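In UniProt numbering, the protein residues as written are 1 to 457.
We put the beta carbon where it would ideally sit given N, CA and C, even for glycine.
Small disclaimer: the values here were computed from a predicted structure and weren't measured.
Input: a single structure, listed below in structure tokens.
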Amino acid sequence: MIVRIFKSGTSGGESPVRYLLNDTDHAGQKRSVDPEVLSGSPDLTIAAINTITRKHKYVSGAIAFRDQEQPSHEQIMNIIGRFKETVCPGLDARHYNSLFVLHRDKGNTEIHFVVPSLELTTGRRLSIHPPGPRNIALYDAFTKVTNHEFGYDQVIPDPLKLALSDFERKVPEGQRDRSNKLHLHKHLARSIRRGEITNRDQLCQHLEEQFGVTITRKGADYISVKFPDSQKAKRMRGPLYRADTDYAQLLEQYRRPPPAKLTDTEYRQHKSVLAELVAERKQFFAAAYLQPRQLRAHKARVALRPSPMRHRPSTPHNYKETKTMHLELNAIKRIVSNSLSVARQIRAERPVFTPAHRGAVAGRIRHLRDQAYQSSKSDLSEYVAMNTVHEVEGALGEIESDISAATADVNHAKTPEQRRKAEERVSKLIAQKNRLLQQLAQAKLRQINASAKRQRI
């Protein structure tokens, strides 16, 4: 068993979920066995991903088993539970969304998963596969411990293996690059086994002299090669192409691979490492998502201390522009009011208590904001535009909070009817959010134009 993370995560929610559920594979071939949803809601995963405006929206991958490893349904669900507790320790379905789908069309068992990079109660980013060596060590320890406890052989990496990208392994357009690379790599591996190549510099020289390949770049863990009559260089990755690789040690590992089973001592060591890394991640998640953010005392005092207002010379109004501006801004305000009305009506349908003082707090904040801008009212266009931006942003924050709450309701639904109603609320709220985002862009553009006009005056 091994956990693979795919190089994806920037598309909308439909693309990864469609791949998991389609009755055809990546090559367009009909699957011999239909996919089976093991955990999660495909529609909810799509909705959660589509609410994220950041570039990296989700993490997808697969827990893959060898052909001879045939876990039962109970064992599969056990491994899914272990995986969740490892990558999201201390969090539950209220805090993150996930989708796990079973694939058996290749003859082996694969548990594919998609996890949106979103913490549901705060709206902050949550990634189950962040960059860094500690994360790689976590996945490695999980794989070793799980294989040992289920009686599976350990994953023994081939020290002479070529690393291929998902594009080269799965996409038909990448098959040509894969074929050229494999042909070249097999020749290099054979020359290394014979002792004809003993370091990376000799390897590069061999490529240029024997195959007419141009080396365009040498990185820490790769080399870029341009084949004859090719317009674009291709990267060769793997242990052979690392700058710090000891080829003699590589050959020793190839000729004498480690045992497929862990000793009791090795198992205890890896389990201890796994527990340490999980505890470290759990502590980070608790601080990031489970504890309320608190301002430092001195920062809070400074924030509450009023600052003197600077005198600004009055400028004459352009009443013609003000009337036109009011038409546009009033239209935006009507849309904001309508969106909030829809969101609050949806919120009223929730079977859980919502604090009643939120509107009062928002009103007080708007009142303080109005007072803060009284001294600059001489420039009415800039003032009104800025105030409108704040109103739209406040409405967006309120709706995003409702989306998180509705998503949590879906995860905690006890009946299909409760789940259906909660999913409808999520879809309606997302539609209102997208509508407000468009209005926010228009309001900000109006604010920029008003500020530029004031500076010219």
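1. Is PRO133 helix, strand or coil by DSSP?
2. Counting along the chain, where does the beta strand (DSSP E) carrying MET236 start and finish?
3. State the start and end residues of the unbroken alpha helix (DSSP H) segment that holds GLU276.
4. What's the gap between the Cα of ARG435 and the Cα of ALA413?
5. Within 8 Å of any Cβ in chain D, is that where the Cβ of SER179 sits?
6. In three-state DSSP terms, what is TYR58?
7. Pick helix, strand or coil for GLU149, following the three-state DSSP scheme.
8. Beta-carbon separation of PHE211 and LEU184 under 8 Å?
9. If we ignore side chains and look at the alpha-carbon of each, how far apart do THR322 and HIS390 end up?
10. Report the option in PRO159, LEU240 and HIS148 whose CA atom is closest to the CA atom of ILE197.
11. Is the number of C-beta pairs between the stretch 113-127 and the stretch 56-66 that are closer than 8 Å three or more?
12. Run the CB neighbour count on HIS26, radius 10 Å, all protein chains shown included, and call it buried at 16 or more, exposed below.
13. Measuring straight from C-alpha to C-alpha, what distance separates TYR19 and ASN135?
14. Given a cut-off of 8 Å on the beta-carbon distance, is the pair ARG178 and LEU188 in contact?
15. If you draw a straight line from the alpha carbon of GLN103 to that of ALA395, how long is it in whole angstroms?
16. For a minimum of 4 consecutive residues, which ranges assigned as the alpha helix (DSSP H) are wholly contained in the stretch 220-259?
17. Give me the Cα-Cα distance between ASN338 and GLU69, rounded to the nearest whole angstrom.
18. Can you tell me the Cα-Cα spacing of GLY107 and TYR152, whole angstroms?
19. Whole angstroms is fine: what's the gap from SER224's alpha carbon to LEU207's?
20. Determine the contact status of LEU99 and VAL33, defining contact as a CB-CB distance below 8 Å.
21. Please classify GLN29 as buried or exposed, where buried requires at least 16 other C-beta atoms within 10 Å of its C-beta.
22. Identify, in the order they occur along the chain, each residue of the same chain with its Cβ nearer than 8 Å to the Cβ of ARG94, setting aside the five sequence neighbours on each side.
23. Among all the DSSP beta bridges, which residues are the ones paired with SER39?
24. Which value, in whole angstroms, describes the spacing of the CA atoms of THR324 and GLN439?
Per the coordinate set shown:
1. Along the sequence shown, read from residue 1 onward, the residue named residue 133 stands at position 133. Looking at PRO133 - three-state DSSP - the assignment turns out to be helix.
2. Position 236 of the sequence shown, counted from the first residue, corresponds to residue 236. Element bounds for MET236: 234-237.
3. Counting from 1 along the sequence shown, the entry for residue 276 is found at position 276. It spans 264-285 - the alpha helix (DSSP H) in which GLU276 sits, taken as one unbroken run.
4. Locating residue 435 in the sequence shown gives position 435, where the first residue counts as 1. Locating residue 413 in the sequence shown gives position 413, where the first residue counts as 1. Each residue's alpha carbon lies about 28 Å from the other.
5. Absence of chain D from the displayed structure is noted, only one protein chain being present.
6. Your numbering for residue 58 matches position 58 in the sequence shown. Reduced to three states, the DSSP call for TYR58 is strand.
7. Residue mapping note: residue 149 aligns to position 149 of the sequence shown, counting from 1. Three-state DSSP puts GLU149 in a helix.
8. Taking the first residue of the sequence shown as position 1, residue 211 is located at position 211. Taking the first residue of the sequence shown as position 1, residue 184 is located at position 184. Against a cut-off of 8 Å, the Cβ pair of LEU184 and PHE211 comes out as a contact.
9. Translated into positions along the sequence shown, residue 322 becomes position 322. Translated into positions along the sequence shown, residue 390 becomes position 390. Residue placement at THR322 is flagged as unreliable, the pLDDT there being 46, under the threshold of 50; the coordinate-derived value follows with that caveat. The alpha-carbon atoms of THR322 and HIS390 are separated by roughly 19 Å.
10. Numbered from its first residue, the sequence shown carries residue 197 at position 197. Among PRO159, LEU240 and HIS148, the Cα nearest to that of ILE197 belongs to LEU240.
11. Yes, the stretch 113-127 is in contact with the stretch 56-66.
12. Along the sequence shown, one-based indexing puts residue 26 at 26. Label assigned to HIS26: exposed.
13. Along the sequence shown, read from residue 1 onward, the residue named residue 19 stands at position 19. Along the sequence shown, read from residue 1 onward, the residue named residue 135 stands at position 135. Distance between the alpha carbons of TYR19 and ASN135: 26 Å.
14. Position 178 of the sequence shown, counted from the start, is the residue given in the question as residue 178. Position 188 of the sequence shown, counted from the start, is the residue given in the question as residue 188. The Cβ atoms of ARG178 and LEU188 do not sit closer than 8 Å to each other.
15. Translated into positions along the sequence shown, residue 103 becomes position 103. Translated into positions along the sequence shown, residue 395 becomes position 395. The sequence shown places His at residue 103, not Gln. If I take the Cα positions, the gap works out to 42 Å.
16. Qualifying alpha helix (DSSP H) stretches, in chain order: 247-255.
17. As a first step, residue 338 is located in the sequence shown; it is residue number 338 there, counting from the start. As a first step, residue 69 is located in the sequence shown; it is residue number 69 there, counting from the start. Cα-Cα distance, rounded: 56 Å.
18. The sequence position of residue 107 within the sequence shown is 107, counting from 1. The sequence position of residue 152 within the sequence shown is 152, counting from 1. So the two alpha carbons sit approximately 17 Å from each other.
19. In the sequence shown, counting from the first residue as 1, residue 224 sits at position 224. In the sequence shown, counting from the first residue as 1, residue 207 sits at position 207. In this structure, the CA atom of SER224 is about 11 Å from the CA atom of LEU207.
20. For the purposes of this step, residue 99 is taken as the residue at position 99 of the sequence shown. For the purposes of this step, residue 33 is taken as the residue at position 33 of the sequence shown. No, these two residues do not count as a Cβ contact at 8 Å.
21. As a position in the sequence shown, residue 29 is number 29, starting the count at 1. It counts as exposed.
22. Residue numbering aside, residue 94 sits at position 94 when the sequence shown is read from its first letter. These residues qualify, in order along the chain: LEU120, THR121, ALA408, ASN411 and HIS412.
23. For this step, residue 39 is matched to residue 39 along the sequence shown. Under DSSP, SER39 forms a beta bridge with PHE100.
24. Residue 324 sits at position 324 when you count from the first residue of the sequence shown. Residue 439 sits at position 439 when you count from the first residue of the sequence shown. For THR324, the predicted structure reports a pLDDT of 48, less than 50, and the residue's modelled location is therefore unreliable. The matter cannot be settled from this model.
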